[in-house]
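Residue numbers (numbering that gives the first Met the number 0): 0 to 290.
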Amino acid sequence: MVYDEIFASRIKVADFSLRHTFESAQPLTFYGHYNNASNTLTYADGQHMLNVGFEGNAESGQIVVASRYANAIEDVKKRFRLEDDMNGMYASVSTDAFMRKAIGKYRGMRVTLNDPWETTVCFIISQFNNVKRIRGIVLKLIGTFGSDIKDDNDRVIGRSFPKSADLLNVTESDFKKIGAGFRARYLAEAAQYCTHNLDLYKLDPNDYEGLKSELTGITGVGDKVADCIALMGYGNMHAFPIDVWVKRTLEKFYFKGRKKSVKELHAFAEKKWGRYAGFAQQYLFYQGMNI
DNA sequence: ACCCAGGCGGGCG
DNA sequence: CGCCCGCATGGG
0 MVYDEIFASR IKVADFSLRH TFESAQPLTF YGHYNNASNT LTYADGQHML NVGFEGNAES
60 GQIVVASRYA NAIEDVKKRF RLEDDMNGMY ASVSTDAFMR KAIGKYRGMR VTLNDPWETT
120 VCFIISQFNN VKRIRGIVLK LIGTFGSDIK DDNDRVIGRS FPKSADLLNV TESDFKKIGA
180 GFRARYLAEA AQYCTHNLDL YKLDPNDYEG LKSELTGITG VGDKVADCIA LMGYGNMHAF
240 PIDVWVKRTL EKFYFKGRKK SVKELHAFAE KKWGRYAGFA QQYLFYQGMN I
């Protein structure tokens, strides 16, 4: 019997870009490993290592999945939201010249659907921080507190993301040692809270207000981080995270540079992009950051 | 040297 | 409610 067989398969897909999806500051950006030359992404999904490649262009192509995990295809479909109606989503957020330009430039960028706890940790770390350093801290967290993923010959092929219960004995001081800075206390408390007080896996992904109120109960999770978790940890496309880039971009291109409050901008996004606001946001964010 | 980063908690008016 | 402040750290 062959225990160490690599399961490989292809998925036909339209409107997909692995590179833009990887580079747009989502959880996979922080702990995945992307090879620009081969256009492949390697990451841990739970206890399984997945290797995802893409052949084709932004309009259409094939995703090539290689893994020892039999359910890899389903996980990839879920993670990259391959069942989404991209034509419908693009149609409803192509509201103006700025959006059409961003979509044209980054066509195929997906809003990924990630593990709620992993998303919570990544975006607690993200606050008042930059993408490069967020990735460094997340990788150190996984390297220090995660565990090895091995193949059937006992060879180490990757590291898994620690669950909240794996971090119960990790102190604020320990989190400072991996470079988390003032966020160290938030991480230590979040591990306790999400193990003992709040089961992230029981929240209703479709209840936006409920998600916001439960998630902001975690120390270190405010309005913006809760929106990121609702969007990328639960797939709630209604969520519209407003960070410095989105705020700046909205003010510059929709309000002639005038300062607007986060509250006003939320109302604006709700009216303009409605139930796909989160999808629009990812293009606003990425375009804004790269200008 | 100085400024900034996918903000938040806490205190104040 | 809004506003203001401090906060750790590393890269440009």
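We treat Cβ as the ideally placed atom computed from N, Cα and C, and that holds for glycine.
Practice problem: Might you give, ordered along the chain, the residues of its own chain that have their beta carbon closer than 6 angstroms to the beta carbon of A254, omitting 5 neighbours on each side? | Solution: What you label residue 254 is simply residue 255 of the first sequence in a count that begins at 1. Here the sequence assigns Phe to residue 254, which means Ala is not the residue at that position. For F254, where only same-chain residues beyond five positions count, there are no Cβ hits under 6 angstroms.
Quiz item: Alpha carbon to alpha carbon, how far is T111 from R67?
Solution: Counting from 1 along the first sequence, the entry for residue 111 is found at position 112. Counting from 1 along the first sequence, the entry for residue 67 is found at position 68. The straight-line gap from Cα to Cα measures roughly 22 angstroms.
Quiz item: Are V12 and Y275 touching if we call contact CB-CB under 7 angstroms?
Solution: Along the first sequence, read from residue 1 onward, the residue named residue 12 stands at position 13. Along the first sequence, read from residue 1 onward, the residue named residue 275 stands at position 276. Not closer than 7 angstroms, so no.
Practice problem: Identify every run of the alpha helix (DSSP H) within the stretch 35 to 121, keeping only runs that are complete inside it and at least 4 residues long; order them along the chain. | Solution: 71 to 78, 85 to 92 and 96 to 104
Self-check item: Cutoff 7 angstroms; reference Y89; Cβ partners in own chain excluding five residues on either side
Solution: Here residue 89 is taken as the residue at index 90 of the first sequence, counted from 1. Closer than 7 angstroms at the Cβ level, and outside the excluded window around Y89, lie I102.
Quiz item: Helix, strand or coil for Y200 per DSSP?
Solution: The sequence position of residue 200 within the first sequence is 201, counting from 1. If DSSP states are grouped into helix, strand and coil, Y200 belongs with the helices.
Quiz prompt | Through-space distance from K76 to N113, alpha-carbon basis | solution = Locating residue 113 in the first sequence gives position 114, where the first residue counts as 1. Locating residue 76 in the first sequence gives position 77, where the first residue counts as 1. Taking the straight line joining both Cα atoms gives about 12 angstroms.
Practice problem: Could you please give the first and the last residue of the uninterrupted beta strand (DSSP E) stretch that includes G157? | Solution: If you number the first sequence from 1, residue 157 lands on position 158. Unbroken beta strand (DSSP E) run through G157: V155 to S159.
Exercise. Report buried or exposed for N289, applying the criterion of at least 16 other Cβ atoms within 10 angstroms of its Cβ.
Key: Translated into positions along the first sequence, residue 289 becomes position 290. By the 10 Å Cβ count, N289 comes out exposed.
Quiz prompt | Assigned exposure category for Y2 - 16 Cβ within 10 Å defines buried | solution = Locating residue 2 in the first sequence gives position 3, counting from the first residue. Here Y2 scores only 47 on pLDDT, less than 50, and its place in the model should not be relied on; the value that follows carries that caveat. So Y2 counts as exposed.
Quiz item: CB F160 to CB G145, shorter than 7 angstroms?
Solution: Counted from its first residue, the first sequence places residue 160 at position 161. Counted from its first residue, the first sequence places residue 145 at position 146. Taking 7 angstroms as the Cβ cut-off, F160 and G145 qualify as a contacting pair.
Self-check item: Own chain partners of L167 with C-beta closer than 7 angstroms, once the 5 adjacent residues on each side are dropped
Solution: Within the first sequence, numbered from 1, the residue matching residue 167 stands at position 168. Correct list, in chain order: A190, Q191 and T194.
Quiz item: Which residue or residues does DSSP assign as beta-bridge partners of M172?
Solution: As a position in the first sequence, residue 172 is number 173, starting the count at 1. Checking the sequence, you will find Ser at residue 172 rather than Met. Beta-bridge pairing links S172 to no other residue.
Exercise. For the alpha helix (DSSP H) holding A229, just list the boundary residues, first then last.
Key: Looking up residue 229 in the first sequence gives position 230. Unbroken alpha helix (DSSP H) run through A229: D222 to M231.
Exercise. Check R257 in the structure and name its three-state DSSP category.
Key: Sequence index remark: in the first sequence, residue 257 carries index 258 (1-based). Coil.
Quiz item: Per DSSP, what kind of secondary structure is S16 in: helix, strand or coil?
Solution: Locating residue 16 in the first sequence gives position 17, counting from the first residue. Three-state result, S16: coil.
Quiz item: Nearest-angstrom Cα distance between E188 and D203?
Solution: Counted from its first residue, the first sequence places residue 188 at position 189. Counted from its first residue, the first sequence places residue 203 at position 204. Their Cα atoms are separated by approximately 23 angstroms.
Quiz prompt | Beta-carbon proximity list for R9, same chain, < 6 angstroms, skipping 5 on both sides | solution = As a first step, residue 9 must be located in the first sequence, where it is residue number 10. Closer than 6 angstroms at Cβ, skipping near neighbours: Q61 and V63.
Quiz item: Under the three-state reduction of DSSP, which class applies to A189: helix, strand or coil?
Solution: Within the first sequence, residue 189 is the residue found at index 190, counting from 1. DSSP places A189 in helix when its eight states are reduced to three.
Self-check item: Inter-residue spacing [alpha-carbon to alpha-carbon] between F122 and V220
Solution: For the purposes of this step, residue 122 is taken as the residue at position 123 of the first sequence. For the purposes of this step, residue 220 is taken as the residue at position 221 of the first sequence. If I take the Cα positions, the gap works out to 8 angstroms.
Quiz item: Tell me which same chain residues have a C-beta within less than 7 angstroms of the C-beta of M0, skipping the five on either side of it?
Solution: Counting from 1 along the first sequence, the entry for residue 0 is found at position 1. Only weak support is given to the placement of M0: the predicted model assigns it a pLDDT of 40, under 50, and the value that follows is read from those uncertain coordinates. Once the five neighbours on either side are set aside, M0 has no close Cβ partner at all.
Quiz prompt | the stretch 21 to 36 in contact with the stretch 125 to 139 per 3-pair CB rule at 8 angstroms | solution = yes
Self-check item: Contact the stretch 139 to 159 vs the stretch 37 to 54: 3+ CB pairs below 8 angstroms
Solution: yes
Self-check item: Rounded C-alpha distance that separates E250 from K258
Solution: Residue 250 sits at position 251 when you count from the first residue of the first sequence. Residue 258 sits at position 259 when you count from the first residue of the first sequence. Going by the C-alpha atoms only, they are around 6 angstroms apart.
Exercise. Go through its chain and collect everything with a Cβ distance to R99's Cβ below 8 angstroms, but skip five positions before and after it.
Key: Reading the first sequence from its first residue, position 100 is the one you call residue 99. Only S93 meet the Cβ criterion.
Exercise. Using 10 angstroms around the beta-carbon of A268, count the other beta-carbons present and answer buried if the total reaches 16, otherwise exposed.
Key: Position 269 of the first sequence, counted from the start, is the residue given in the question as residue 268. It is buried - the Cβ of A268 has at least 16 other Cβ atoms within 10 Å.
Exercise. Give me the Cα-Cα distance between D247 and E263, rounded to the nearest whole angstrom.
Key: Position 248 of the first sequence, counted from the start, is the residue given in the question as residue 247. Position 264 of the first sequence, counted from the start, is the residue given in the question as residue 263. Checking the sequence shown, residue 247 turns out to be Arg, not Asp. The straight-line gap from Cα to Cα measures roughly 13 angstroms.
Quiz item: Where does A238 fall in DSSP's three states?
Solution: Numbered from its first residue, the first sequence carries residue 238 at position 239. In the structure shown, A238 sits in coil (DSSP, three-state: anything other than H, G, I, E or B).
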